[in-house]
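Encoded as structure tokens, the structure appears first; notes follow it.
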Amino acid sequence: MRFQEGIDAQPAVLAASAKAVQDALPRLAPPDPGSVVALVGIGASEHVARSVAPVWRDLGLRAFAVPASELLEAGPVADVYVGISESGRSAETVAALRQVTVRRVGVTNFVDSVLAEVVDELLPMESGPDSPVYTTGYSATLQTMGLLGEHWSGTTSDWSALPGLAERVIAEAKPVVESVAERFDRARIIDVVGSGASNATAGEGALLLREAARAHTAAHETYNYLHGPMEPVDDSCACIVVGDDREVRLARELSGLGCQTLLVTRRSDVEPDEALTVLTLPEPPSALAGTVLEILPLQLLGWSLAARRGLRADGFRYEQDDIKLDGR
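Counting along the sequence shown from 1, when you hit position 77 you're at 77 in full-length UniProt numbering, and nothing is skipped either side.
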């Protein structure tokens, strides 16, 4: 699947994957009360884990994110480990979970993957084919983790609304993205900023812009960004700010510096200006559903920049031979 096809396929994939996940959830008993849950991943899956952890804590689960590479060097840190890998072949995640001796749950798209062999329980996403720069697998992973967290915490959101909202966002974001693409293409660096559940959007957004368009990017947590990292910003930079709180003021400040800024927000009271473009998202049914909607305009921007640069976004120049395992 090509990158552009993956973007447009997400509404249908989200609907199909949600049904498969909801059918499988009854087999996964909640952790014992007070259990500490480690969310383990690398790359895009690590970005997912960083957003899932605070959302799950808000639901009453004692969850935190730990990079698979860090867990390789750590002793026991949790009572339950959730390994996240769309392919099920991420070498670091598999190796980290292989050394764990307590309950291990795997979240993957492939039931015959190496990850499936090392965990005690499996939650299959059944999200189908994905593009080399993740689209369908990434958004389906966010949805799966949202559904799992609600199942384990005994809460419920209307996830059936998400595919329709995703379709709407893709349609509404395309002209907005095209209106800023030329200016972002000229930027010497693109900062992507967000906090809380939007941490995943900042991390994955910066990653996919590097992968798809080979853009120079950096990902920042909102409040950390205020403590020095924004010092190099000027009118040669561009910035994507994702959020509804301090992010709105930040977006205005950045545009005031002449930095071309795209604010992705649910706020409808923010006025654009010469350097500030505002993309207003619909209200999501849950926090993690919101992160699915947030990534869609960034995917569209990645594709637009890639096309402008004559790139197909269909693979990587620098393939590594030790990050994916055989087995499926």
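C-beta: ideal position from N, C-alpha, C; glycine also.
{"Check": "6 Å Cβ shell around L162 - same chain, five flanking residues per side excluded", "Outcome": "L14, A289"}
{"Check": "Collapsed DSSP secondary structure at Q260 in the structure displayed", "Outcome": "strand"}
{"Check": "Cut-off 7 Å between Cβ atoms - residues of its own chain near R317, not counting five sequence neighbours on either side", "Outcome": "none"}
{"Check": "Any non-hydrogen atom of the ligand GTP closer than 7 Å to P30 Cβ", "Outcome": "The model on display carries no ligand, and the ligand GTP is accordingly not part of it."}
{"Check": "Contacts around A238, its chain only, beta-carbon distance under 6 Å, and the 5 residues preceding and following it disregarded", "Outcome": "F184, A187, I190, Q260"}
{"Check": "Boundaries of the alpha helix (DSSP H) in which H47 is found, first to last residue", "Outcome": "44-58"}
{"Check": "Reduced DSSP secondary structure (H/G/I, E/B, other) of R62", "Outcome": "strand"}
{"Check": "Stretch pair the segment 55-64 + the segment 30-41: three plus CB contacts closer than 8 Å", "Outcome": "yes"}
{"Check": "Other residues of its chain near A251: CB distance less than 7 Å, five sequence neighbours each side excluded", "Outcome": "V241, T261, L263, L276"}
{"Check": "Counted within 10 angstroms of its Cβ, other Cβ atoms place N109 as buried (16 or more) or exposed", "Outcome": "buried"}
{"Check": "Local conformation of Y81 per DSSP, three classes", "Outcome": "strand"}
{"Check": "Neighbourhood of P284 by C-beta, 6 Å cutoff - its chain only, sequence neighbours within 5 removed", "Outcome": "G290, L293"}
{"Check": "Boundaries (first-last residue) of the beta strand (DSSP E) holding P124", "Outcome": "121-124"}
{"Check": "Three-state secondary structure assigned by DSSP to A95", "Outcome": "helix"}
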